[in-house]
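**Student:** Quick one: the structure is below, questions incoming.
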Amino acid sequence: MVDIEQLNPRNEAALRAWWEVGRAATAYRPGKPWPAWELSRLALPADNPERGTTLIGAIDGREMIGAGLLTRPLQDNLHAANAYAYVQPTRQREGIGTALLAELEVVAAGDGRTTLQSEVYLPPGTDGGPAAFAAARGFAVANREALKELTLSHYVARRDDLAASAPVPSGYRIVTFDTVCPDEHLASYCRLLGMLLAEVPLGELDLTDSGWDEARVRAAERRLVDIGRHMLTALAIAPDGAVAGVSDVRINDADQTAGEVGITLVDPAHRGHRLGTALKLATHDLALANYPQLVSVDTANADVNVHMNAVNDALGYRTIETVLELQKKL
Ligand SMILES: CC(C)(COP(=O)(O)OP(=O)(O)OC[C@H]1O[C@@H](n2cnc3c(N)ncnc32)[C@H](O)[C@@H]1OP(=O)(O)O)[C@@H](O)C(=O)NCCC(=O)NCCS
93 MVDIEQLNPR NEAALRAWWE VGRAATAYRP GKPWPAWELS RLALPADNPE RGTTLIGAID
153 GREMIGAGLL TRPLQDNLHA ANAYAYVQPT RQREGIGTAL LAELEVVAAG DGRTTLQSEV
213 YLPPGTDGGP AAFAAARGFA VANREALKEL TLSHYVARRD DLAASAPVPS GYRIVTFDTV
273 CPDEHLASYC RLLGMLLAEV PLGELDLTDS GWDEARVRAA ERRLVDIGRH MLTALAIAPD
333 GAVAGVSDVR INDADQTAGE VGITLVDPAH RGHRLGTALK LATHDLALAN YPQLVSVDTA
393 NADVNVHMNA VNDALGYRTI ETVLELQKKL
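Yeah, the sequence shown ends on 422 if you go by the working numbering, and it's all consecutive.
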């Protein structure tokens, strides 16, 4: 008899058992598919002004064999939630993933959410496995992305040539910071963040933009500082002082060998000057300067995002997995 139970993330023994299931269920994937324990231990119990989180476990006797996660945006997209299920490899195909998702759907619907989103990761060029599971559970593919990984030694070998071919355009300058945006750029940075979801190719994903004000940015920054997550950010400043573009690489104190790209966005009014490349060079240089032990950085981009993919290919990123972004109306 398997019980599905909500877990208190402040119960560290339960959280650890939950985390172990997720780690085991994702161990077949390349790269770093699961966060370091120290990050999960800090991040999951911490208050998050951006996202509400529910953890559930599938428990057989005293053993946790399945783990579920529901996250809900709190500042925008109040109709949406993200659901993830993980089942111990030795206990798959027993209906446990189905039971976990059913419970997450009840929690999401109870909170008024009407669109459930998720992701599955596949070896490039394959189908089946978790994609078949998601299809059987009523999810449709809403967007298709490539998960790419950069080995820092490859970056070091090519960065000087790339920098020479993509100088910072005349009149612009690049400003970098660790997590906390300088006051002088904050208002303009908020304006750019408000464009993000309208500008990033989302396929059929039902997500809409929302406003970022200074209090929202500062609250999100405070949480990152509290959990030891560094958002190494570069801003492109236009000749008139406006923030024309942003990119970041995120690295956790808990694992300083791996990073991931968060957002990259150049204001449409400032495109075509190779600011995207200049911003990415700045963040990757900053990451290497602050974390010489860094081995790899991951990023995910929609297949249709031609310009972003060209920049990433030039930096040395290579596709390691296909990401299917999934959606289901409740
Ligand atoms: C995806 C996952 C959660 C499925 O868990 P599970 O407990 O095995 O799922 P269920 O037993 O409830 O499967 C339900 C149905 O999904 C489909 N399915 C599940 N796994 C499948 C596989 N490997 N190949 C083909 N179909 C599969 C089948 O239709 C299955 O019904 P059936 O066994 O009667 O044929 C599990 O494989 C896992 O943890 N994978 C790694 C993490 C992951 O990718 N999670 C998805 C993010 S939401």
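The beta-carbon is built from N, C-alpha and C at its ideal position, and this holds for glycine as well.
Would you check whether ligand 1 has a heavy atom nearer than 7 Å to the C-beta of T218?
**Tutor:** On the sequence shown, residue 218 is found 126 positions in, with the first residue counted as 1. No - ligand 1 has no heavy atom lying nearer than 7 Å to the Cβ of T218.
**Student:** Rounded to the nearest angstrom, what separates R444 and L316 at their Cα positions?
**Tutor:** The structure shown does not extend to residue 444, since the chain is modelled only from 93 to 422, so the question has no answer here.
**Student:** Do we get a CB-CB distance below 8 Å when we pair A234 with the residues of chain B?
**Tutor:** In summary, chain B is missing from the structure at hand, where a single protein chain is found.
**Student:** Answer yes if the segment 323-331 comes into contact with the segment 287-297, meaning at least three C-beta pairs across the two stretches below 8 Å, and no otherwise.
**Tutor:** Counting Cβ pairs under 8 Å, fewer than three are found: no touch.
**Student:** Alpha carbon to alpha carbon, how far is V358 from M156?
**Tutor:** Position 266 of the sequence shown, counting from 1, holds the residue named residue 358. Position 64 of the sequence shown, counting from 1, holds the residue named residue 156. Rounded to whole angstroms, V358 to M156 spans 45 Å at the Cα level.
**Student:** Any heavy atom of ligand 1 inside 7 Å of the beta-carbon of E186?
**Tutor:** Taking the sequence shown and counting its residues from 1, one reaches residue 186 at position 94. Yes, Cβ of E186 sits closer than 7 Å to a heavy atom of ligand 1.
**Student:** Flag V179 as yes when its Cβ comes closer than 7 Å to any non-hydrogen atom of ligand 1, and as no otherwise.
**Tutor:** For this step, residue 179 is matched to residue 87 along the sequence shown. It does: the Cβ of V179 is within 7 Å (strictly closer) of some heavy atom of ligand 1.
**Student:** Under the criterion of a Cβ to heavy atom distance below 7 Å, does T190 qualify as lining ligand 1?
**Tutor:** Position 98 of the sequence shown, counted from the start, is the residue given in the question as residue 190. Flag set: Cβ of T190 near ligand 1.
**Student:** Starting from V403, trace the alpha helix (DSSP H) both ways and give me its first and last residue.
**Tutor:** In the sequence shown, counting from the first residue as 1, residue 403 sits at position 311. Start and end: V398 to L407.
**Student:** Compute the minimum distance between the beta carbon of Y176 and the heavy atoms of ligand 1, and state whether it is under 7 Å.
**Tutor:** For this step, residue 176 is matched to residue 84 along the sequence shown. Yes, the beta carbon of Y176 sits closer than 7 Å to at least one heavy atom of ligand 1.
**Student:** At a threshold of 7 Å, does A173 count as lining ligand 1 (C-beta to nearest heavy atom)?
**Tutor:** Numbered from 1 along the sequence shown, position 81 holds the residue referred to as residue 173. No; taking the cut-off as 7 Å, the Cβ of A173 has no heavy atom of ligand 1 nearer than that.
**Student:** Under a three-way DSSP split, which group does K124 fall into?
**Tutor:** Within the sequence shown, residue 124 is the residue found at index 32, counting from 1. The answer is coil: DSSP assigns K124 none of H, G, I, E or B.
**Student:** Please list the terminal residues of the continuous alpha helix (DSSP H) segment that includes V153.
**Tutor:** To locate residue 153, count along the sequence shown from 1; it is residue 61. It should be pointed out that residue 153 corresponds to Gly in this sequence rather than to Val. Per DSSP, G153 belongs to no alpha helix (DSSP H) and is neither H nor E.
**Student:** Just how far apart, CA to CA, sit T118 and L214?
**Tutor:** For the purposes of this step, residue 118 is identified with residue 26 of the sequence shown, where counting begins at 1. For the purposes of this step, residue 214 is identified with residue 122 of the sequence shown, where counting begins at 1. Approximately 11 Å, taken between the alpha carbons.
**Student:** Considering just the uninterrupted stretch of the alpha helix (DSSP H) at T190, what are its terminal residues?
**Tutor:** Here residue 190 refers to the residue found at position 98 of the sequence shown. Taken as a continuous stretch (DSSP letters only), the alpha helix (DSSP H) holding T190 covers I188 to G202.
**Student:** Looking at ligand 1, does it come within less than 7 Å of P222, judged from the CB to the closest heavy atom?
**Tutor:** Position 130 of the sequence shown, counting from 1, holds the residue named residue 222. Yes, ligand 1 has a heavy atom inside 7 Å of this Cβ.
**Student:** With three or more C-beta pairs closer than 8 Å as the rule, is the segment 365-377 touching the segment 305-322?
**Tutor:** The segment 305-322 is not in contact with the segment 365-377.
**Student:** Ordered along the chain, which non-local residues of its own chain (more than five positions away) have a Cβ less than 7 Å from that of A138?
**Tutor:** For the purposes of this step, residue 138 is taken as residue 46 along the sequence shown, with counting starting at 1. Excluding sequence neighbours, A138 sits near R315, D318 and I319.
**Student:** Residues in its own chain within less than 6 Å of A177 by CB, not counting five upstream and five downstream?
**Tutor:** The residue labelled residue 177 in the question sits at position 85 within the sequence shown. Result list for A177: G160, G189, L192 and L193, in chain order.
**Student:** Would you report the Cα separation of W110 and N140, rounded to the nearest angstrom?
**Tutor:** As a position in the sequence shown, residue 110 is number 18, starting the count at 1. As a position in the sequence shown, residue 140 is number 48, starting the count at 1. Distance between the alpha carbons of W110 and N140 is about 19 Å.
**Student:** Output the distance between the C-alpha atoms of A200 and P125, rounded to the nearest integer angstrom.
**Tutor:** As a position in the sequence shown, residue 200 is number 108, starting the count at 1. As a position in the sequence shown, residue 125 is number 33, starting the count at 1. Roughly 25 Å between the two C-alpha positions.
**Student:** Please tell me whether, using a cut-off of 7 Å, the distance from the CB of S210 to the nearest non-hydrogen atom of ligand 1 is below it.
**Tutor:** As a position in the sequence shown, residue 210 is number 118, starting the count at 1. Yes, since a heavy atom of ligand 1 falls inside the 7 Å radius drawn around the Cβ of S210.
**Student:** Check whether the Cβ of A312 lies closer than 7 Å to any heavy atom of ligand 1, and answer yes or no.
**Tutor:** Taking the first residue of the sequence shown as 1, we reach residue 312 at position 220. Outside the cutoff, so no.
**Student:** Ordered along the chain, which non-local residues of its own chain (more than five positions away) have a Cβ less than 6 Å from that of D347?
**Tutor:** Numbered from 1 along the sequence shown, position 255 holds the residue referred to as residue 347. Only A128 meet the Cβ criterion.
**Student:** Within a Cβ cutoff of 6 Å, which residues of the same chain sit near L373, ignoring the five residues on either side of it in sequence?
**Tutor:** In the sequence shown, counting from the first residue as 1, residue 373 sits at position 281. A255.
**Student:** Would G123 pass as a contact of D405 if the rule is Cβ separation under 8 Å?
**Tutor:** One-based indexing of the sequence shown puts residue 123 at position 31. One-based indexing of the sequence shown puts residue 405 at position 313. Not a contact, by the Cβ cut-off of 8 Å.
**Student:** For N235, which residues of its own chain have a beta-carbon under 7 Å away from its beta-carbon, when the five flanking residues on both sides are left out?
**Tutor:** As a working mapping, residue 235 is identified with position 143 in the sequence shown. Excluding positions up to five away in sequence, the list reads L294, G295, E296, L297, A394 and E417.
**Student:** Looking only at C-alpha atoms, which of L386, A311 and L299 sits nearest to R342?
**Tutor:** Taking the sequence shown and counting its residues from 1, the one referred to as residue 342 is at position 250. The candidate whose alpha carbon is nearest that of R342 is L386.
**Student:** For the alpha helix (DSSP H) holding R133, just list the boundary residues, first then last.
**Tutor:** Residue numbering aside, residue 133 sits at position 41 when the sequence shown is read from its first letter. Start and end: W129 to A135.
**Student:** Beta carbon of A228: closer than 7 Å to some heavy atom of ligand 1?
**Tutor:** Counting from 1 along the sequence shown, the entry for residue 228 is found at position 136. Answer for A228: yes, Cβ within range of ligand 1.
**Student:** Is M93 buried or exposed, if buried means 16 or more other CB atoms sit within 10 Å of its CB?
**Tutor:** Here the question's residue 93 lines up with position 1 in the sequence shown. Looking at its Cβ environment, which holds fewer than 16 other Cβ atoms inside 10 Å, M93 is exposed.
**Student:** Less than 7 Å between C-beta atoms, sequence neighbours within five positions excluded: which residues of the same chain meet that for Y383?
**Tutor:** As a working mapping, residue 383 is identified with position 291 in the sequence shown. Once the five neighbours on either side are set aside, the close Cβ partners of Y383 are I343 and Q348.
**Student:** Bridge partners of D270, per DSSP?
**Tutor:** Counted from its first residue, the sequence shown places residue 270 at position 178. Per DSSP, L324.
**Student:** Of the choices V113, I148, E104 and G153, whose alpha-carbon is the least far from that of A135?
**Tutor:** Taking the first residue of the sequence shown as 1, we reach residue 135 at position 43. Comparing Cα positions, the closest option is E104.
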